[in-house]
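This report concerns only the one structure given below.
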Amino acid sequence: MAQKRPFNEGKRHFKKSKKQKPNVSDGSNEDVLLADIKDLMRSVNIAEDKQLPEHHAEIDVTISQLSSTGDGLGEKDGQIYVVPFSAPGDTVTARVYKHNEELPYSLADFVKVVTPSQHRTEEPKCQYFSKCSGCQFQYLPYSYQLAHKRSIVEKAYRNFSNLPASVVPTVGDTIGSPLQYGYRTKLTPHFDGPPGGRRDKRHGQKVTWPEVPPIGFMLKGTRKTMDIEDCPIGTPAVRGGMKRERKRVADNIDAYQKGATLLLRENTRREEKKEGEGEVEKEVEATEEVVEEHDSHVLRKTCITDNKAISTEYIDDFRLDNPAGAFFQNNNSILPLVTQYIRDNILGTNDEANGAEEKPVIKNMIDAYCGSGFFTITLSGMFSNSIGIDISGQSIDFASKNAQLNNLGKDSTHFIAADANHLFAAVDANKFPPAETAVVVDPPRKGCDEGFIRQLLEYGPARICYVSCNVHTQARDVGWLVGGLPGDGGDAQDAKGMYDIESLRGFDFFPQTSHVEGVAILRRKPVIAEEIKADSSTETGAKKTCMYKHLRCYLFAISAKSSAETSLAAELDIAAAMSSKQPSQDAAAESNDKSTLANDREKDEAPSADADRSGPSDDSEASTIILPGNEPDNSTSVNITNASTSIEVATSTDHKRKRTLSEEGEVSEHDEAIVPPKVKRTKTSRITQSLWDGFGGEEDFDLRGGWLYDPKRWRWINNGG
Numbered sequence: 001m002a003q004k005r006p007f008n009e010g011k012r013h014f015k016k017s018k019k020q021k022p023n024v025s026d027g028s029n030e031d032v033l034l035a036d037i038k039d040l041m042r043s044v045n046i047a048e049d050k051q052l053p054e055h056h057a058e059i060d061v062t063i064s065q066l067s068s069t070g071d072g073l074g075e076k077d078g079q080i081y082v083v084p085f086s087a088p089g090d091t092v093t094a095r096v097y098k099h100n101e102e103l104p105y106s107l108a109d110f111v112k113v114v115t116p117s118q119h120r121t122e123e124p125k126c127q128y129f130s131k132c133s134g135c136q137f138q139y140l141p142y143s144y145q146l147a148h149k150r151s152i153v154e155k156a157y158r159n160f161s162n163l164p165a166s167v168v169p170t171v172g173d174t175i176g177s178p179l180q181y182g183y184r185t186k187l188t189p190h191f192d193g194p195p196g197g198r199r200d201k202r203h204g205q206k207v208t209w210p211e212v213p214p215i216g217f218m219l220k221g222t223r224k225t226m227d228i229e230d231c232p233i234g235t236p237a238v239r240g241g242m243k244r245e246r247k248r249v250a251d252n253i254d255a256y257q258k259g260a261t262l263l264l265r266e267n268t269r270r271e272e273k274k275e276g277e278g279e280v281e282k283e284v285e286a287t288e289e290v291v292e293e294h295d296s297h298v299l300r301k302t303c304i305t306d307n308k309a310i311s312t313e314y315i316d317d318f319r320l321d322n323p324a325g326a327f328f329q330n331n332n333s334i335l336p337l338v339t340q341y342i343r344d345n346i347l348g349t350n351d352e353a354n355g356a357e358e359k360p361v362i363k364n365m366i367d368a369y370c371g372s373g374f375f376t377i378t379l380s381g382m383f384s385n386s387i388g389i390d391i392s393g394q395s396i397d398f399a400s401k402n403a404q405l406n407n408l409g410k411d412s413t414h415f416i417a418a419d420a421n422h423l424f425a426a427v428d429a430n431k432f433p434p435a436e437t438a439v440v441v442d443p444p445r446k447g448c449d450e451g452f453i454r455q456l457l458e459y460g461p462a463r464i465c466y467v468s469c470n471v472h473t474q475a476r477d478v479g480w481l482v483g484g485l486p487g488d489g490g491d492a493q494d495a496k497g498m499y500d501i502e503s504l505r506g507f508d509f510f511p512q513t514s515h516v517e518g519v520a521i522l523r524r525k526p527v528i529a530e531e532i533k534a535d536s537s538t539e540t541g542a543k544k545t546c547m548y549k550h551l552r553c554y555l556f557a558i559s560a561k562s563s564a565e566t567s568l569a570a571e572l573d574i575a576a577a578m579s580s581k582q583p584s585q586d587a588a589a590e591s592n593d594k595s596t597l598a599n600d601r602e603k604d605e606a607p608s609a610d611a612d613r614s615g616p617s618d619d620s621e622a623s624t625i626i627l628p629g630n631e632p633d634n635s636t637s638v639n640i641t642n643a644s645t646s647i648e649v650a651t652s653t654d655h656k657r658k659r660t661l662s663e664e665g666e667v668s669e670h671d672e673a674i675v676p677p678k679v680k681r682t683k684t685s686r687i688t689q690s691l692w693d694g695f696g697g698e699e700d701f702d703l704r705g706g707w708l709y710d711p712k713r714w715r716w717i718n719n720g721g
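Per the UniProt record's numbering: the sequence shown = residues 1 to 721.
Given below as structure tokens:
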């Protein structure tokens with residue numbers, strides 16, 4: 001009798017495939033937690049050989065810090081443990097359920113407090129706290145929550161921006177929510193399908209429910225749904241709607257063929273009070289509306305459960321309609337504080353005492369990712385022209401209707417639908433010149449992609465207000481704006497991008513949770529403004545290079561083929577350009593002798609060398625001006641740093657001589673090679689073949705009225721030529 005072959009014999013060459021690990025996305029909870037764990041690893045003794053607790057074993061561990069995800073981090077026997085619902089100073093009992101295979105940390109469930117921390121002072125208002133995954137901080141005083149959220153913003157820029165600490169300003173105190181409970185205008189509880197429901201449906205059988213399933217939110221650390229009857233962070237109208245929806249589902253559960261997510265969205269109806277009218281009585285209806293009395297009006301609030309219905313919100317005196325199932329901010333109580341903060345900061349401030357340049361005149365606003373127009377509409381009164389752009393045609397339709405509801409003219413406020421990666425192509429640059437425009441950016445949690453950042457840099461607005469529900473992806477994106485995009489030849493640590501960070505601040509949109517909304521205000525680095533008049537039909541060129549606070553700008557003015565001179569009417573504010581350092585009198589004189597400037601404004605306005613030595617700056621930023629000489633290939637530059645003053649004279653097309661005067665009065669001189677900028681032909685360029693052949697390369701350019709335009713580095717406003 002033939003012997004049966006053992007199972008799988010002869011197939012031993014087939015190896016059991018390991019489950020592929022999912023990629024950790026930028027700024028995700030896992031990514032943020034890993035950054036905090038690695039920071040802690042640097043300050044504790046990690047044991048290489050250790051006996052780890054078995055799965056589901058309970059251990060006592062003392063918590064040393066709170067992570068940006070809201071979890072407590074503690075170390076025990078050379079291993080880091082991540083325990084939710086714990087505070088620094090707590091000793092807690094935790095149940096271990098997972099050991100990380102690559103880093104020395106383990107995940108654990110919170111069991112109980114053994115010794116409470118001094119920070120654990122609040123009694124949670126939710127009976128499901130420490131089990132439901134929705135809230136993390138109900139046991140902490142609100143002042144501690146706000147301070148921790150400030151540290152979240154600080155760590156986000158330290159760990160994710162790739163910028164040096166010197167260019168990141170001090171993070172402002174977190175702006176708290178007027179409501180710490182009862183603030184959420186939208187909740188989405190859900191329930192799962194019955195056991196065997198998919199099988200029954202696949203076999204054509206009716207899905208049966210043995211009992212009403214749990215309706216609520218996720219159990220912390222699992223994919224299981226908790227049955228939750230009430231949620232105290234919801235508004236009164238939403239909490240009432242939750243009770244009614246739970247009963248409706250329970251009464252009609254057999255009508256469902258699978259699990260479902262329920263919508264609970266607050267809707268507001270505003271009624272103006274008549275003169276002399278006193279308190280308004282509540283209309284007793286099945287909707288159980290919630291009435292809020294105000295001096296001049298009454299707000300009647302109900303709960304919408306239909307995704308296709310229209311919900312109405314009032315922010316200050318602005319009315320905003322939106323599809324109930326679409327995105328809108330979920331904490332109306334803090335929105336007036338956010339919009340007022342942006343109004344106070346988006347235009348910038350003059351700070352003459354610190355040597356800051358005069359703020360630009362901002363007349364226009366572009367609202368990227370505008371949705372139904374919240375920022376466009378609430379900020380429109382500050383600008384002559386406002387435009388909101390979003391990829392969703394439905395959102396644009398509602399934004400346009402909201403503008404009409406708030407009596408905003410179509411000439412000054414309008415909306416267009418466009419993909420984020422082609423957003424600025426839809427903007428009329430004549431109506432929205434970058435030097436007079438502020439851009440508001442409010443992307444989803446994943447932040448902006450590289451394509452959007454690149455076109456934002458090419459457009460180059462004077463001001464950027466970046467609002468984000470994920471400060472970690474915001475920090476990454478701001479790092480690109482300040483330090484330059486990866487692959488563009490720069491190092492973010494050098495901070496040689498187009499923008500400076502003016503201010504950073506968090507807003508607490510979601511009290512009792514670890515989430516914080518970030519608002520970053522950025523200003524365009526100043527560029528010396530000049531006007532070049534040249535004959536664009538000629539074939540020879542003169543080069544001018546400006547570098548101000550690490551911003552390099554390349555400009556080629558087409559000069560005459562013969563001995564005709566290029567007319568250069570320079571509007572150089574050398575005092576501003578040089579910041580705290582100025583050239584010596586001899587250096588300035590040598591520069592002027594070599595220059596073909598049509599006037600002597602620089603000589604008249606530049607302060608003396610004695611003046612600049614009274615207040616040297618601590619930074620090492622440099623400012624360079626290269627001025628065209630009498631011949632196209634010869635030029636002179638003045639280079640000012642905190643340590644030295646130097647003159648550069650081009651001795652040929654590919655070499656220059658540099659003479660440097662140090663603070664100690666020592667003079668050094670040497671030759672350097674001139675590296676020509678790289679340019680690339682584009683469809684819009686109007687440039688002669690010889691100039692193209694002479695410089696070659698890979699950078700995009702466009703010639704406009706005698707200017708060579710390099711959108712990746714700078715933008716000039718041509719006033720003539």
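Backbone N, C-alpha and C fix where the C-beta goes; we use that ideal spot for every residue, glycine too.
Gln79: member of the beta strand (DSSP E) spanning Gln79 to Val83, first to last residue. Ser86 is positioned such that its CB atom lies closer than 7 Å to that of Ile63.
With a threshold of 16 other beta carbon atoms within 10 Å, Asp442 meets it and is buried.
For Lys98, the uninterrupted beta strand (DSSP E) segment begins and ends at Thr91 to His99. Counting the other Cβ atoms within 10 Å of the Cβ of Arg505 gives 16 or more, which makes it buried.
Beta-bridge annotation (DSSP): His190 is paired with Gly216 and Thr261. Under DSSP, Ile63 forms a beta bridge with Gly74.
Rounded to whole angstroms, the gap between the alpha carbons of Thr170 and Lys201 is 58 Å.
Taking 7 Å as the cut-off, the Cβ atoms of Asn364 and Asn385 count as close.
In the DSSP secondary-structure assignment, Ile387 is bridged to Ile366 and His414. Note on geometry: alpha-carbon atoms of Arg265 and Gln329 lie some 11 Å from one another.
With fewer than 16 other CB atoms across the displayed protein chains lying within 10 angstroms of its CB, Val361 is exposed. Measuring C-alpha to C-alpha distances from Asn470 to each of Gly484, Lys446 and Arg454 identifies Lys446 as the nearest.
In terms of CA proximity to Gln118, Gly89 leads the group Gly89, Tyr128, Gln145 and Phe129.
Shown here, Glu293 sits in a strand according to DSSP, grouped into three states. Closest in alpha carbon position to Phe510, among Lys186, Tyr459 and Ile387, is Lys186.
In the DSSP assignment, Lys301 forms a beta bridge with Thr268 and Val290.
Under the DSSP assignment, Phe110 falls in the beta strand (DSSP E) whose first and last residues are Tyr105 to Thr115.
Between Tyr181 and Ile228, the CB-CB gap reaches or exceeds 7 Å. In this structure, Ile304 lies away from Ser296, with their beta-carbon atoms at least 7 Å apart. With fewer than 16 neighbouring CB atoms inside 10 Å of its own CB, Arg248 falls in the exposed class. For Gly506, the uninterrupted beta strand (DSSP E) segment begins and ends at Tyr499 to Phe507. Between the segment 31-48 and the segment 123-143, the count of C-beta pairs closer than 8 Å stays below three; the two stretches do not touch. For Tyr466, the enclosing beta strand (DSSP E) begins and ends at Arg463 to Ser468. DSSP lists Ile315 as the beta-bridge partner residues of Phe318. The alpha carbon of Thr513 has as its nearest neighbour, out of Gly72, Gly78, Asn23 and Cys135, the alpha carbon of Cys135. Taking C-beta separations shorter than 8 Å and ignoring five residues to either side along the sequence, the partners of Phe160 in its chain run Asp26, Gly27, Ala35, His472, Thr473, Ala475, Arg476 and Gly479, following chain order.
Around the Cβ of Val519, a 10 Å sphere holds 16 or more other Cβ atoms; the residue is buried.
For His670, the secondary structure class from DSSP, reduced to helix, strand or coil, is strand. Taking C-beta atoms as the reference points, Pro194 and Trp209 count as a pair closer than 7 Å. For Val249, there is no enclosing beta strand (DSSP E); the enclosing alpha helix (DSSP H) has its first and last residue at Pro236 to Asp251. For Glu154, the enclosing alpha helix (DSSP H) stretches over residues Tyr142 to Phe160.
In chain order, Val61, Ile63, Asp71, Gly72, Gly74, Val92, Ala94, Ala108 and Phe110 place their CB closer than 7 Å to the CB of Val83, counting only its own chain and leaving out the 5 sequence neighbours on each side. Within the model, the alpha-carbon separation for Gly204 versus Gly196 is close to 12 Å. Comparing C-alpha distances from Tyr369 to each of Ile334, Phe327 and Asp344 shows the shortest one belongs to Phe327. If you look at Ile46, you'll find it isn't in any beta strand (DSSP E); DSSP assigns it neither H nor E.
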